[in-house]
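First comes the structure, then the notes that go with it.
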Amino acid sequence: MSKRTFSVFFLFLFFSIQRMSAQELKIAFLSDIHFHDIHPKFEDIDFQGVPHPTTGKPVLARTMSAQLRSTRIFNENYFAFKAALEDLVAKGIKLVALPGDYTDDGQAYNLRGLKEILQDYTEKHGMRFLITTGNHDPLGPFRQDGGKSDFLGADGKPFGIYSNGNKGIITQDIAPSGYEEILETLSPFGFMPDPSYLLWSTPFDQALEEPYQYEKAKFSSAYTRRMYEIEPGFWVPDLSYLVEPVEGVWILALDGNTYVPKSKEGDPYDPKSYKTAGIGYNEVLSHKQHLITWIKKVSREAKKRGKILLTFSHYPAIDYNDEANAEISQLLGPTKWQLHRSPREEVAEVLSQAGVQLHFGGHMHINDTGIRKYPDGRFLINIQVPSLAAYVPAYKILSIESPQRFKISTEIIEDVKDFDYLFPLYQKELEANKESGKTWKKEILKTKTYREFMLFHLKELVRLRYVSTDWPKEYLAEVEHWTSKDWFKAFKVKSSPSSWTTEDLLFDLYKFQSADELAKRDIPANRWKDYENIFKALEKAEKPEHRWLFTLLHKLSHGDPADAFSVNLETQEVQRMD
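Read in order, the letters of the sequence shown correspond to residues -22 to -1, 1 to 556 in mature numbering (1 follows the signal peptide of the UniProt record, and there is no 0).
The structure is reproduced here in structure tokens:
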């Protein structure tokens, strides 16, 4: 489809979307998809993957061993993404926001694969997608060389694909793209204006000060006109934008990536001269004040014009650990559980002062809700969208009831067609790894649903990585072989007939860290009752580490509503829904 035809098609489909009133609108938020195209189309080499053991069709997958040591999977989310889109089609939802990390690492072949899918659902189902940047797309402000060493070969052994060097397979399509390449490939999905939009603006134009004109918006949307000087001599892009896709609804897509130069003497055009952008809003406050100024202007105009203002970014705006950062720091240490990525309290304060009230974020691969209320009447709610590539795999739906009232639901991806398509290839990996001893639990290949698969992924991730890297060795040595009877004794609680271990306890802790209240269905009822009894006896434990551990579990399992709930901006009420 040509660019002209595609634009005309957008115009047609969005006339139908605009016929909705704002009060009828539903918006889906799919975050941290981390799309990896298992059927890639490399443009500079003939290689397209290895033969699937059953179908013979070329596939490109990462090893299961790599998946089980990563905070996300790399392969099966390809199918989960399509399942989520089909779910949206069935629900009749036309507007979809992607809060960053929509690809593995912004590689060209993944960007093209993602674009093909988004265009397909746009053309066939009249859906419209709005994207913002994440720290994986791009990895840095400019294109850089890269590659992966853990692709899964037909013999079950890993092999590498790189953009340069003299080993493995070499293709430029594996190199992580920069802003310019991402903008060029994904421009139809919010990053650039479209004739169907009622408004489109950036922090660098004057669209809010004068009558809106598409041609002016198109002029100001150019890559070279969306740069700011982060430090003297260092100019980097900012792809933030404001769009009105439906009359009365303004959607603010914030680019929270902040690329701070490592040294004043560095080369401004070398991607290696910049730090990575995973910190989020903490660095926005220190290095992107132009963005805060623009948010204030947008919120003032939205209020003056009677618009509903919705904001999304890749990064969380409020602490996502249910106010348990102190316990995490005391129990595990100040650098654990990615505490450096937790937004400072100042972030919520500044965003709220700027006029943000309803904010959707991703990045952390967790399900959570954070709420802040201020004495002067300000109110901010941050809704953390789970990842489709981690436990619990889910997305959010926002339903607009009125300019002040909203409903949010969390849709778990349970059954996914073909999620087990690569299992025969993983079996080859198991056989190849027997000699090296680097095996993983083959029971994951017996899982029956995608949700079950992702729960098993978390279990192995805890066993293979988290227990050894997160927990102090001395404390772990003390309690790792404990059973429920030992824990009852430590808290002076009467024993129950149920039996569980420290391994069960830690697994449950990570379930709640990841899924919030959605984890309760994965906790045996008797064990949950035991936990509740221990919660009532926290002060009876003599060792502070025991108290910190169960206080952490209590806070993570008793946070603000994070499944289905309503939000009233006028009364500042957030209520669970049945």
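Even glycine gets a Cβ: it sits at the ideal position worked out from N, Cα and C.
Bear in mind that the values here come from a model prediction, so they are computed numbers and not experimental data.
Spatially closest choice to residue i from the options, by CA coordinates
i: Pro116; options: Ala255, Leu496, Gln316, Trp272; result: Ala255
i: Tyr369; options: Ala(-1), Arg50, Gln45; result: Arg50
i: Asp10; options: Glu222, Ile152, Tyr373, Ile148; result: Tyr373
i: Lys489; options: Trp506, Ser473, Ser476; result: Trp506
i: Asp396; options: Phe543, Lys194, Lys426, Lys419; result: Lys426
i: Tyr237; options: Lys472, Ser174, Gly112; result: Gly112
i: Phe401; options: Phe59, Ala6, Thr32, Arg322; result: Thr32
i: Ala497; options: Thr479, Trp460, Asn345; result: Asn345
i: Ile361; options: Lys385, Pro353, Asp354, Pro381; result: Lys385
i: Glu520; options: Phe466, Asp494, Ala493; result: Phe466
i: Ile306; options: Ala6, Phe528, Asp216; result: Phe528
i: Phe167; options: Leu96, Arg356, Glu225, Asp183; result: Leu96
i: Arg350; options: Glu324, Ala367, Pro371; result: Glu324
i: Phe543; options: Arg356, His532, Ile378, Lys72; result: Ile378
i: Leu229; options: Ala6, Asp482, Thr480, His536; result: Sequence check: residue 229 is Ile here, not Leu. Out of Ala6, Asp482, Thr480, His536, Ala6 has the C-alpha closest to the C-alpha of Ile229.
i: Val227; options: Lys472, Asp65, Leu288, Tyr190; result: Leu288
i: Ala302; options: Thr461, Gly348, Thr271; result: Gly348
i: Leu8; options: Gly78, Asp508, Val471; result: Gly78
i: residue 557; options: Ile71, Pro539, Tyr80; result: The structure shown does not extend to residue 557, since the chain spans only -22 to 556, so no value can be given for it.
i: residue 558; options: Glu481, Asp393, Phe434; result: This structure leaves residue 558 out entirely; the chain is present only between -22 and 556.
i: Trp478; options: Phe431, Asn504, Lys472, Leu336; result: Asn504
i: Val214; options: Pro119, Leu63, Lys60; result: Pro119
i: His459; options: Lys472, Ser474, Glu481; result: Glu481
i: Glu158; options: Met432, Ser241, Ala185, Gln85; result: Gln85
i: Gln331; options: Val221, Leu263, Thr388; result: Leu263
i: Gly311; options: Pro450, Glu456, Leu483; result: Pro450
i: Leu102; options: Ile109, Gly70, His114; result: The sequence shown places Lys at residue 102, not Leu. Considering only alpha carbons, the answer is Gly70.
i: Asn511; options: Glu409, Ser462, Glu389; result: Ser462
Close Cβ partners of residue i (< 6 Å) along its chain, the five nearest in sequence each way excluded
i: Ile501; result: Asp486
i: Thr163; result: Leu89, Lys93
i: Pro381; result: Ile286
i: Asn548; result: Position check: residue 548 holds Glu in this sequence, whereas Asn was assumed. Gln382.
Cβ neighbours of residue i in the same chain (closer than 8 Å, five flanking residues each side left out)
i: Val442; result: Reading off the sequence shown, one finds Leu at residue 442, where the question assumed Val. Counting only Cβ-Cβ distances below 8 Å, and skipping sequence neighbours, we find Leu46, Arg47, Trp418.
i: His17; result: Gln26, Gly27, Lys35, Pro36, Val37, Leu38, Gly91
i: Pro239; result: Ile208, Glu209, Phe212, Pro246, Ser251, Tyr252, Lys253
i: Met342; result: Pro294, Tyr298, Gln316, Arg319, Gln362
i: Leu516; result: Phe469, Arg525, Phe528, Thr529, His532
i: Phe(-9); result: For Phe(-9), the predicted model reports a pLDDT of 49, less than 50, meaning its position is unreliable; a value from the coordinates is still stated below. These residues qualify, in order along the chain: Arg106, Asp172, Ser174, Tyr175, Pro223.
i: Gln550; result: Lys351, Phe357
i: Val545; result: Leu336, Ile359, Arg383, Phe384, Lys385, Ile386, Glu551, Val552
Buried versus exposed, by CB contacts within 10 Å (16 or more), residue i
i: Met555; result: exposed
i: Lys266; result: buried
i: Gln122; result: buried
i: Lys437; result: buried
i: residue 587; result: Any answer about residue 587 is impossible in this case: the structure gives the chain only from -22 up to 556.
i: Tyr99; result: buried
i: Arg283; result: exposed
i: Thr313; result: exposed
i: Ile23; result: exposed
i: Glu279; result: buried
i: Ser174; result: buried
i: Asp491; result: A small correction: the amino acid at residue 491 is Gln; Asp does not occupy that position in the sequence shown. Buried, by the Cβ-count rule.
i: Ala200; result: exposed
i: Gly339; result: buried
i: Arg499; result: exposed
i: Asp133; result: exposed
i: His536; result: exposed
i: Ser414; result: exposed
i: residue 582; result: No statement about residue 582 is possible, as the shown extent of the chain runs from -22 to 556 and does not include it.
i: Thr447; result: exposed
i: residue 559; result: Past the boundaries of the shown model lies residue 559; the chain is included only from -22 to 556, so the question cannot be answered.
i: Asp216; result: buried
DSSP beta-bridge partners of residue i
i: Asp346; result: Gln362
i: residue 573; result: Only positions -22 to 556 of the chain appear in this structure, which leaves residue 573 out of reach.
i: Trp339; result: Note on identity: in this sequence residue 339 is Gly, with Trp being the wrong assignment. According to DSSP, Gly339 bridges with Gln362.
i: Ser179; result: Leu220
i: Ser291; result: Leu232
i: Thr163; result: None, per the DSSP bridge assignment.
i: Glu209; result: Phe212
i: Pro36; result: Pro29
Other residues of its chain near residue i: CB distance less than 7 Å, five sequence neighbours each side excluded
i: Tyr140; result: Gly125, Gly146, Ile148, Ile152
i: Glu523; result: Leu309, Tyr453
i: Ser(-7); result: Since pLDDT at Ser(-7) reaches only 49, below the 50 mark, its modelled position is unreliable, and the value read off the structure follows with that caveat. Cβ neighbours of Ser(-7) beyond the five flanking positions: Gly104.
i: Leu130; result: Ala39, Arg40, Thr41, Pro136, Leu403, Glu407
i: Lys72; result: Ile(-6), Gly104, Met105, Arg106
i: Glu21; result: Asp151
i: Asp541; result: Thr388, Glu495, Leu496
task: Would you mind listing the beta strand (DSSP E) stretches within the region 281 to 336 that are 3+ residues and don't spill past its ends, in chain order?
output: Listed in chain order, they are 286 to 291.
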